[in-house]
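Input: a single structure, listed below in structure tokens.
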Amino acid sequence: MGVQRTRTVRLVLSGREVDVRIECHDYRDTLQYLSECIARREATVVTDAAGRPCVVNWASVALAYVLQDADGH
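Letter 30 of the sequence shown, counting from 1, is numbered 29 in numbering that gives the first Met the number 0, and no numbers are missing.
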């Protein structure tokens with residue numbers, strides 16, 4: 000596998016949007032991680048776009064999409 004990159008992912012949760020950081024190797028790996036989290040439908044602690052910890056209840060995610068890599072790509 001290649002070098003891990005931090006990607007910003009926007010989650011739409013019951014009418015509000017939250018940007019979180021996810022570290023994965025590539026775009027496909029990021030989508031796989033999101034898919035697994037949403038399928039488990041559990042709450043986990045992630046890092047928001049400002050670098051603070053926040054809790055995401057994956058069962059309430061209506062939409063998730065990658066905005067960009069943290070380095071702007």
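C-beta: ideal position from N, C-alpha, C; glycine also.
CA-CA distance, residue i and residue j?
| i | j | result |
| --- | --- | --- |
| Thr7 | Glu16 | 12 Å |
| Glu41 | Ser13 | 15 Å |
| Thr43 | Arg51 | 14 Å |
| Gln3 | Gln31 | 14 Å |
| Val54 | Arg27 | 24 Å |
| Glu35 | Ser59 | 14 Å |
What are the residues that DSSP puts in a beta bridge with residue i?
| i | result |
| --- | --- |
| Thr29 | The partner list for Thr29 (beta bridge, DSSP) is empty, contrary to what the question assumes. |
| Trp12 | Reading the sequence as shown, one finds Leu at residue 12 and not Trp. Paired residues: Arg15, Val60. |
| Ala42 | Asn56 |
| Val2 | None, per the DSSP bridge assignment. |
Kindly give me the distance between the Cβ atoms of residue i and residue j, rounded to whole angstroms, as I take these residues to be in contact under 8 Å.
| i | j | result |
| --- | --- | --- |
| Leu62 | Val11 | 4 Å |
Less than 8 Å between the beta carbons of residue i and residue j, yes or no?
| i | j | result |
| --- | --- | --- |
| Ile37 | Thr29 | no |
| Asp25 | Asp47 | no |
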